[in-house]
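In what follows, a single structure is set out as structure tokens and then discussed.
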Amino acid sequence: MATWDPDETQQRVLAHERGRLLVLGAAGTGKTTLLVDLMARRHRSGRSPALALCLTRQAASDVRDRVTRASGRTSLQPQAMTLHAFCLSVLGRFSDLDAAPRLLTAPEQEFRIRELLAGGGPGLWPESLADAVGTRSFARQVRAALARARQLGLDPADLEGFGALAGDVGWARLGAFMDEYLDILDAEGALDYAELVHRVRILVGRPEIAAAIARDAGALYVDDYSELDPAQLALVAALAEGAEHVVAFADPDAAIYRFRGAHPRAVTEFGRLFGGEVLPLRFNHRCPVDLAEPAARVAARLGAPAVGPDLVEAYRGAVPVSGPGQAEARTFPDEDAQNRFIAGELRAEHLDRGTAWADMAVLVRSGRGQIPGIARALTDAGIPVEVAGDEIGLADSLAVRPLLLALEVAARDGGCDADEAVRLLTSGWGGLDAVSIRVLGRVLRAAASASGRATSGRTSGDLIAQVLSGGDLPDTSDPGASEVLAQVGQRRDALAQARAAIDAGRRPDEVLWLLWGATPWAEHLRSTALSGSDAAPRANRDLDAVIALFDLARESSAPTGAAGVRAFLAEVAAQQIPADFERESAVRGRGVRVLTAHRAKGRQWPVVVVAGVQEGIWPDVRRRGSLFDPQRLTNSGLADGVATRDLVAGERRLFLLALTRASRRLLVTAVSGVEGEANQPSRFVDELGLTVRHVLAPPPRLHTLRALVASLRATAMDAEVSPELRQAATVRLARLASEVDGHGRPLAPDADPERWWGVRTVTGVTAPRRPERLVLTPSQLQAVLACPRQYFLSREVKADPPRSSSALLGSVIHALAEHALSEGLTADNALDYLDRVWDDIPFPAPWFSQSERAAAEAAVMRFMGWQAAHDHADVLGVEVPFEADVEVDGATVTLMGSVDRLERDSSGKLRIIDFKSARALPTQAEAAASEQLGVYQLAADAGAFDALAPSTGSAGAQLVFLRHGEDDAPKVLSQDALGARPHLSDDPEELAYPTWVHHRIAQARQVLVSGRFDATPGGACRWCSFASSCPATSGQVIT
């Protein structure tokens, strides 16, 4: 402060030592600096100290620190606090209460309201609201309406009267609920924020209390005066009566808390409430002219405060006096491109211009919707990021969800249900995967059956839930199953310990620590975060989220025991209020701040990015109260509420506030896509008056180690550049590849050529030597002929993904067919078997499981109907294996496989039945040319089933499609016997072989013997797992 040189208008404020003064100042005109200097001067002069009322705790803390430094007295304790903190001190000092009341946070208040609503039931409310009463949204709207009522100084009887006058039963009943709510909080010794201000305003109306406050503070300084609600405004006016000097600082164009009840005409009311004069600050010390001009264009579209045109012109026309600046606007085709561009610009600022990370910020409109994506992009680019704990809803974090669910289950009577049990065990906390869950389900079902316990109608999930809720685990000799059971037992015991701690009255944070420390998950995240691997950024984000959860739990004022856990869970779930400054102090100022525009009020950074300025997001004109809109409530009754134009004006003020946080460089970004309103830039972008450039793709930058390695690799492999440059790139890659960290891990593993694709010598054209005996299964034959490349990758490389739920369902239906013959299943028994195995099929989503279950039951009923219609058949067996040798092109090919069902007709010939559960239905012509049925028939003609029943050959084959057909009859497609139709065409190549099947086998043998597996486009491409790298469709050459 010793080097501060006030401008002429600031000097006029400092010279004002008595009376009342309203200082109007736009962002950067020095309002807070003036407040600090006024307080410091009073302290240095020995006059009675001043009381400063600030908007937030952080702002009050900053003012106290600055006043202490400016006064030169380290022992000084300046009276700078939020208005609510002041009210608490007054209530504790002057009220008749035996103990200071407990102040409810907004989430705690909402939780308490929900409890009261649940206890009272819907009977208090009109029938039209009965379905809404139990919802969180209803409680949130009730909380907002009650707060508004107290801000206006209204009592429960006022609400009842307003509702009756307007013919709105809901508002009238809200008055009755308010009466009950206040009585219960009184009995509990608790207050919400609005009630706190209301009661202190009544106390200050007593002369002896007002005189005592005036003796302690001879001056009253109010920061962010235009954000006061009516009750706060009345309280400040009462305090001002006993103060010799009152100065209020206001920026009406940046009044962004109207949705919380801020008085829309606070500046206009100053003269009526306080008297005195109004003084505008005429010089902007923050924003250079290049930043001030776009902000001025946005401000010009706001309505002017009613303080006279000359004052408005001076206030909005503050002259920039700082150095050069830069303002830019960019649009992008998608959000990912936008976030990568922002990351590149911030790294360039830091590395090229030397801007500290803490001197940069990214501001957004929606914390939950926009911050996570931006924070991930910055973190992936190696940028340190700081996000206040309550900017992102912790309940949305994947790492926090299982801890919250475990905490909820531990606090609940009755344990968990099947879905919760599976979610817990397949989370990071549970440590199991889908295969382990299936193993667990089979072991539990087998143990239940062995002990004689009924399992009919109970799924594997039900049995798992019973164990997690405290049930016993069975013994098993299977080592793999034993390991799974041990993990489950550890989690079961952890939940039991947490439940006991809750019953013993422990705090929520203590119970969370029990759950967190009970599994190896914490150490796994720690080691992964330190590994430097590709998974490290994700592990770091998970740990950050968990730490934020523990910070919230530690600072929560929730009670102990089960009630405290429920209150804490409600507090986490209700983290939807922007700029709740409860945990701002946790931010350490070491990284780029990513925050909402609301939270940015009162702050500044040299470099600011205002990101995601989308239509539909900014402005956000959604109305928060569809049932109880607090904006309808006035001192005289229920009005129409706020107009849409006023909502847009409020959003414009918020946008203006975001713009004016920058002191050197401003970047405004938006997405300009084709996906509707939310994918178009906001109207506010046009109001800036800047040239908006569209960026299709962020330019490549060498500001990260990965980007540098990628550039060096590209140069080293580029045949178009000079040998010297390639050599230089190679040398640098070798140096990077040799660098390791303190744990011996490579700093740049991607610099090592051993990790690169496509750099090894191309293999020769000589095929690997095949075994002399060539074995073919029917499905192999089909795969080789459909696409040799797909066959090779799937069958020989075994690169197929895990079997899908559809494939597993097919296996189940085939197993049913086998049981139907061997065990004589009825339709009911078949459905019971389906029920027992159903939960072991890993469907991708519950809705898909339900859909497939209906289809599976229909397939089973069709199969049972088909079997009943064929009960006269002479069935030789089901799932009958075979092996047969056939001669093709002078070589022996062994055919191997098994047929689903083998029948013998009256002439002694064999009929092959193949059951299909596929969704796709081929044509009759395609069935007639089915290689699978053809191989079955050829094997029968070759005597493959003679050991089972000597025959005179094949009588034909059938495909039975259980997903298609009538309710009790599947669709059946037939293939003629090879003896009756040996060839399918007049193709000379086919006619050269005994049958068309021999011809197909010869074609497949030629591919396999040659060792050349070319890609063949066709119908199989639609379901191919390797289509993304296929040269036949993409034009790529994969080496």
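Throughout the sequence shown, residue numbering follows full-length UniProt numbering, covering 1 to 1039 in sequence. All C-beta atoms in this analysis are idealised placements derived from N, C-alpha and C, irrespective of residue type, glycine included.
Practice task
Determine the direct distance from the alpha carbon of residue 68 to that of residue 20, and round the result to whole angstroms.
Solution key: Those two C-alpha atoms are separated by around 25 Å.
Problem - CA nearest to the CA of residue 881, picked from 892, 940, 328, 906 - result: 940
Exercise for the section: Would you check if the region 200-210 and the region 123-139 touch, i.e. whether three or more CB-CB distances between them fall below 8 Å? Expected result: By the C-beta criterion, the region 123-139 is judged not to be in contact with the region 200-210, since fewer than 3 inter-stretch pairs fall below 8 Å.
Handout entry: the region 165-182 / the region 131-138 touching (three or more Cβ pairs under 8 Å)
Key = no
Exercise for the section: Below 8 Å CB to CB, which residues in the same chain sit around residue 927 once its five sequence neighbours on both sides are set aside? Expected result: 933, 959, 973, 974, 975
Problem - residue 290 beta carbon less than 8 Å from that of residue 26 - result: no
Problem - Minimum C-alpha distance to residue 999 - residue among 954, 906, 781 - result: 781
Practice task
Alpha carbon to alpha carbon, how far is residue 707 from residue 60? Give it in angstroms, no decimals.
Solution key: 43 Å
Practice task
Going by CA-CA distance only, name the one from 862, 872, 792 that's closest to residue 1016.
Solution key: For the residues 862, 872, 792, the minimum Cα distance to residue 1016 belongs to 792.
Problem - Sequence-distant residues of its chain with Cβ nearer than 7 Å to residue 515 (five each side left out) - result: Correct list, in chain order: 403, 406, 407, 494, 498.
Handout entry: C-alpha gap between residue 751 and residue 722, whole angstroms
Key = Looking at the backbone, the Cα of residue 751 and that of residue 722 are separated by about 20 Å.
Problem - CB contact flag (residue 58, residue 34, <8 Å) - result: No, the Cβ-Cβ distance between residue 58 and residue 34 is not below 8 Å.
Exercise for the section: Kindly indicate the opening and closing residues of the beta strand (DSSP E) around residue 221. Expected result: 219-222
Practice task
Pick out whichever of 883, 1026, 796, 326 has its Cα sitting closest to the Cα of residue 896.
Solution key: 883
Exercise for the section: With DSSP as the reference, please indicate the residues paired to residue 886 in a beta bridge. Expected result: 893
Exercise for the section: Tell me whether residue 154 is buried or exposed, calling it buried when 16 or more other Cβ atoms sit within 10 Å of its Cβ. Expected result: buried
Handout entry: Length of the line joining the Cα atoms of residue 466 and residue 544
Key = 33 Å
Exercise for the section: State buried or exposed for residue 1051, treating a residue as buried only when at least 16 other CB atoms are found within 10 Å of its CB. Expected result: Because the chain is modelled from 1 through 1039, residue 1051 falls outside the range shown and cannot be assessed.
Exercise for the section: Determine the closest residue to residue 966 out of 913, 864, 1007, with distance taken between C-alpha atoms. Expected result: 864
Problem - Backbone CA spacing between residue 463 and residue 445 [nearest angstrom] - result: 7 Å
Handout entry: 8 Å Cβ cutoff met for residue 957 and residue 914
Key = yes
Exercise for the section: Tell me whether residue 284 sits in a helix, a strand or coil according to DSSP, three-state version. Expected result: Of the three classes helix, strand and coil, the one that applies to residue 284 here is strand, per DSSP.
Problem - CA-to-CA distance, residue 361 to residue 113, given in whole angstroms - result: 37 Å
Handout entry: Sufficient close CB pairs (3 or more, under 8 Å) joining the region 193-202 to the region 649-660
Key = no
Practice task
Would you mind stating whether residue 199 and residue 91 have Cβ atoms separated by less than 8 Å?
Solution key: Cβ atoms of residue 199 and residue 91: closer than 8 Å.
Practice task
Closer than 7 Å by C-beta to residue 501: which residues in its own chain qualify, once you throw out the five before and the five after it? Chain order, please.
Solution key: 510, 511, 514
Handout entry: Inter-residue Cα distance where the pair is residue 429 and residue 119
Key = 34 Å
Exercise for the section: Could you work out which residue in 1009, 6, 439, 244 is closest to residue 773 when comparing CA atoms only? Expected result: 1009
Exercise for the section: Report all residues from its chain with a CB closer than 6 Å to the CB of residue 248; omit the five preceding and five following residues, and keep chain order. Expected result: 22, 222, 225
Practice task
Flag this pair as yes or no: are the beta carbons of residue 788 and residue 1013 separated by less than 8 Å?
Solution key: Yes; because the gap between Cβ atoms is below 8 Å, this pair is in contact.
Practice task
Look at the Cβ atom of residue 217, then the Cβ atom of residue 633, and state whether they are nearer than 8 Å.
Solution key: no
Handout entry: Straight-line gap, residue 572 to residue 552 (C-alpha atoms, nearest Å)
Key = In a straight line, the C-alpha of residue 572 is about 8 Å away from that of residue 552.
Exercise for the section: Could you have a look at residue 472 and say whether DSSP puts it in helix, strand or coil? Expected result: coil
Practice task
Report yes if the CB atom of residue 63 is closer than 8 Å to the CB atom of residue 40, and no otherwise.
Solution key: no
Handout entry: Nearest residue (CA-CA) to residue 334, options 452, 427, 696, 631
Key = 696
Problem - Residues sharing a beta bridge with residue 383, DSSP - result: Beta-bridge pairing links residue 383 to no other residue.
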